[in-house]
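Numbering (the working numbering), first residue to last: 80 to 1164. Note that CB positions come from ideal geometry on N, CA and C, so glycine has one too.
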RNA sequence: GGACGCUUAGCUCAGUUGGUUAGAGCACCUCGUUUACACCGAGGGGGUCGUGGGUUCGAAUCCCCCAGCGUCUACCA
């Protein structure tokens, strides 16, 4: 096909191919052919910051995940890959605040909370689409219809519902914690917002007072007003006798304070530093704080947010800046003669990364997830965690450990399980509040006036709270927002429709009409109130529902339902309201007549569906009003539990909302019976969570294993009672040629957006997938990408050659699997088909095992060596191979598709697509299991290859002109096999062959496994040509080899202990080597 | 300081449960316009598998020591 260009130009095809895929809808699993019968396979993208630009780290993640998803999709899976972005609260806030400061010179305090949040949201909105476009550039086959954002409405609801659940379970608590405080920014800083500055500080050695037995050392004497303990190492004999004692000491002179100092033993204290004793200031030091927690020592704050001393520091010091206070304390210590020594010491002081101000550790009220608190484990109704009984008391830490220990979650590579366990074992309570404005605001309110004692408790609520439920006074929402990981930790289930809304349908209790069997559908008829039995039924029902944390009761206004609902409401202590849309079925003129008569008049569905006799309400009318009702309450009470009290007939229709169950009145329970149904955010009862959770693979970089992966395991097992995913695959980080991290400041980064237009997305993907072991870092260079661009082009040209083969009378180039069997196959054909079947299997197996690099190398070697270098060249000799060639190509394209989707789809479209809906993307995977294998043909062709290579080497060694056809003599015991391939050997090695019983003297020889091959010496240079040197060298080498083999085979212990198969193999090797040696010696005689 | 890794050809890396004369790509050298491809083809050179010890009939592979490098995590009162 001369119209196909010689070189593949990716820019010509990639965007349009992606657009066609997306238009086809096949990224959405429900559009795949026969999707109901496909087994689900789910991956979710680790959400990049919404304001990010595509970088090489995203590329490697997308390349791996897309390869998996495409492979599984072609293998008949219901492949779902969900995209999304992260609001990255702190990082985004920093970017925008910096921008505003630079452009307008304003701080966040100048703007105020509402304005700053609005500005950040605008900024995020303006950047959010960019990363998505760039994901498309990578060829990622993502289901864009399910796109999510960690701060959008569904995720906000999920976060609030989850927070409330944890709050109610007391897994979340509020407590003091020492945080990094920047006095200039008036803000807390997370650990990654800190930088360290080296400085020299004065280290003072002193005692608190003359009657205190231990000397301590510090660089910050002013904090000592907050000391509540002195810590020493447990094995330190100097202080052993004092451990456990408490001393009262007055400190700071007149206007100072009295300290209560307990001596505690802690392993973190170093015996050899300073005096080996450490004054513990829990309020103003992180490690002191940890020590205080473990030793149960109180915390006293002495420095305020404004860097001035607080009242707890004593009347003489309060109000002084901490530096002034330091001077004053030191002066007092000196005057008292308490100082033993002063020396200079080097320190790394933490400073604010934004303004360089030294941070002050301060205690602040924060929200925590208690990882050790036992809670009652809830089971998933779907695929619960195995081995933890529902209702058993467990802690988050225990569950996190358990699911990985029991391999319910597997990590690849396995060694990261160790990292994970180590992390879990050292896990402290997770501080989830952040003192910034952008993010999920903590769903907790506080009563402002606190008029009643109950008002003191924080109010946690899914819905916004407007006034105090106790005193009806004003409330204020907690000012802080949640840690980003708290929302991204819900990623696997909040993106699949969680929280589910639970609707409990309750049929009214027994009424007098139930006893008489009369139709009573209107309402308020005192004659038709609940019977005594009905009232007892309602009471019983209420106690059954007590465990359900229902938000509201909604009831039909018809008397018997109304009455039932009111009994429930009273007992459960929740509100009730009435909705006419779930009233009883209209009886028309049969009102007050018997039910039997009513049913007879109504008839079956065909009669009742749209129009009816006697004014009876048609089925569709009931369905319409109940559907409308369901849609409304599901929206209003999303994620909550709602009790709906109505009538049997309405219940029978309404409970089918959100399913595809056929129309018709279903059975409904007896009086006060219940039906429980769960609905996802879209109002479906068969939603995504049922189908796609747990996810199959969580693929991400190993650097966020603790931050994110662990948090997802924590939150998912707690919230759902399910694991979030079955396998965690961790890839390495991409580095530059010198192994450095890629960064903007170093300018050493490879920007995918630069190299994609240059080399094509397929080449970039190959460069990221090959040469990378799981969990190992990957060194990347533009040369490497260039190399894979060459391979892309090679595949293009292989296709070009195959598609140019004359196709005698066949209309389509497509070759069905079966039609290969009808082909007359030569040994050569059998060889390549057999090789292909083997490679297809090995490639698939390697992919299943996440061995992306090995898989790719296998396939590349097959494509380049076996197919291009050998089979194509041989096919030119044998001719007439268009069927086998096209068969190979179309299957090869399938194998390559997960790695290089664009070039393979482009070729498929131009050669094999049957119509415009035929995409390689959804083509079935090659059926390697049913492909014939020909081991004998593989052996024969291997012999042929060795002979060709030997002749070529002989020519090259003795500088035979490339154009010259040489007369080759072959002495071999495999003549029969080689003779079949004679034309191929002659063409490929540019020679004529004579098979003989002995090699002619005076010729140049080479000896291989297949025998002795000779060529005549070129006449002009006959004298200078000598093969003796080469042959002697080989004789020596093989001699050594034979020696080693003989030694091994005469070793009794080897013979005795090695498996028979190994011994046999060694014997074969020896025999072969000896034969070769004999042949060489024959030539050297 | 703690945890986890890595060290195989000039460079980047494979080497599955110990049984090859240790492989690939790139780079290098020689040759080459043969019905796809110079983003190519043919041939070739190059490694005592970081050091030392041990287990074993047999170690790049398992164990220990040491050295160098890397990542994460604590950090010094």
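Open item on the list: Can you tell me whether residue 1070 is helix, strand or coil according to DSSP?
Closed with: strand
TODO: Going by CA-CA distance only, name the one from 1011, 340, 369 and 351 that's closest to residue 358.
DONE: 340
Open item on the list: Suppose you measure from the CA of residue 909 to the CA of residue 1009; what does that come to, to the nearest Å?
Closed with: 14 angstroms
TODO: Name, in chain order, the residues that DSSP records as bridge partners for residue 1062.
DONE: Looking at the DSSP assignment, residue 1062 forms no beta bridge with any residue, so it has no partner.
- [ ] Kindly list the residues whose CB is nearer than 8 angstroms to the CB of residue 129, restricted to its own chain and excluding five residues on each side of it in sequence; keep chain order.
- [x] 164, 165, 166, 167, 171, 203, 206, 207, 210 and 228
TODO: Assuming residue 968 and residue 881 form a contact by the criterion Cβ under 8 angstroms, report the distance between their Cβ atoms to the nearest whole angstrom.
DONE: 5 angstroms
Open item on the list: Can you give me the C-alpha to C-alpha distance between residue 67 and residue 569, rounded to a whole angstrom?
Closed with: Here the chain comprises residues numbered 80 to 1164, so residue 67 is not present and cannot be evaluated.
Task: Pairwise C-alpha distance: residue 134 and residue 841 - done: 16 angstroms
Open item on the list: One question on the structure: do residue 330 and residue 287 come within less than 8 angstroms of each other, judged by their Cβ atoms?
Closed with: yes
TODO: Could you tell me if residue 184 is buried or exposed, where buried requires 16 or more neighbouring beta carbons within 10 angstroms of its beta carbon?
DONE: exposed
Task: Beta-carbon separation (whole angstroms), residue 728 vs residue 746, contact threshold 8 angstroms - done: So it is not a contact: roughly 11 angstroms between Cβ atoms.
Open item on the list: If we require 4 or more residues per run, which alpha helix (DSSP H) segments fall completely within the stretch 385 to 427?
Closed with: 401 to 415
Open item on the list: Can you give me the C-alpha to C-alpha distance between residue 768 and residue 347, rounded to a whole angstrom?
Closed with: 46 angstroms
TODO: Taking only the alpha-carbon atoms, compute the straight-line gap between residue 530 and residue 294 and give it to the nearest angstrom.
DONE: 50 angstroms
Task: Run of the beta strand (DSSP E) containing residue 656, from where it starts to where it stops - done: 655 to 657
Open item on the list: Within 8 angstroms, do at least three Cβ pairs link the stretch 519 to 528 to the stretch 551 to 569?
Closed with: yes
- [ ] Counting only runs of 3+ residues fully inside the stretch 142 to 169, write out the beta strand (DSSP E) ranges in chain order.
- [x] 156 to 161
- [ ] Find the nearest neighbour of residue 325 within the set 336, 342 and 854, judged by alpha-carbon distance.
- [x] 342
- [ ] Could you name the residues of the same chain whose beta carbon sits closer than 7 angstroms to that of residue 1044, not counting the 5 residues immediately before and after it, in chain order?
- [x] 1069, 1070 and 1071
- [ ] Could you spell out where the alpha helix (DSSP H) holding residue 683 opens and where it closes?
- [x] Premise fails: residue 683 is in no alpha helix (DSSP H) and is neither H nor E.
Open item on the list: Suppose you measure from the CA of residue 585 to the CA of residue 643; what does that come to, to the nearest Å?
Closed with: 9 angstroms
Task: In chain order, each beta strand (DSSP E) run of at least 3 residues that lies wholly inside the stretch 613 to 642 - done: 629 to 634
Task: Start-end ranges of the alpha helix (DSSP H) lying completely within the stretch 690 to 740, minimum 4 residues - done: 698 to 715 and 727 to 733
Open item on the list: Just verifying my parser: in three-state terms, what is the DSSP assignment at residue 360?
Closed with: coil
- [ ] Assign residue 267 to one of two classes, buried (16 or more other C-beta atoms within 10 Å of its C-beta) or exposed (fewer than that).
- [x] buried
Open item on the list: Using only CA atoms, which one of 718, 750 and 146 lies nearest to residue 928?
Closed with: 146
Task: Supposed close pair residue 549, residue 533 - CB separation, criterion 8 angstroms - done: 4 angstroms
TODO: Quickly, what does DSSP pair residue 813 with across the bridge? List them, please.
DONE: 857
- [ ] Verify whether the separation of the beta carbon atoms of residue 893 and residue 935 is less than 8 angstroms.
- [x] no
Open item on the list: Am I right that residue 960 and residue 884 are in contact with their C-beta atoms under 8 angstroms? What's the rounded C-beta distance?
Closed with: 7 angstroms
- [ ] Within the same chain, show all residues whose beta-carbon is closer than 7 angstroms to that of residue 836, passing over the 5 residues directly before and after it, in chain order.
- [x] 90
TODO: Rank 254, 195, 235 and 409 by C-alpha distance to the C-alpha of residue 303 and give the top, closest one.
DONE: 409
Task: Euclidean distance between Cα positions of residue 736 and residue 451 - done: 41 angstroms
- [ ] Measuring alpha carbon to alpha carbon, tell me which of 1109, 615, 778 and 966 ends up nearest residue 138.
- [x] 778
Open item on the list: On the DSSP letters alone, give me the boundaries of the alpha helix (DSSP H) that residue 907 sits inside.
Closed with: 906 to 927
TODO: Kindly indicate which residue of 223, 678 and 783 has the alpha-carbon position closest to the one of residue 744.
DONE: 678
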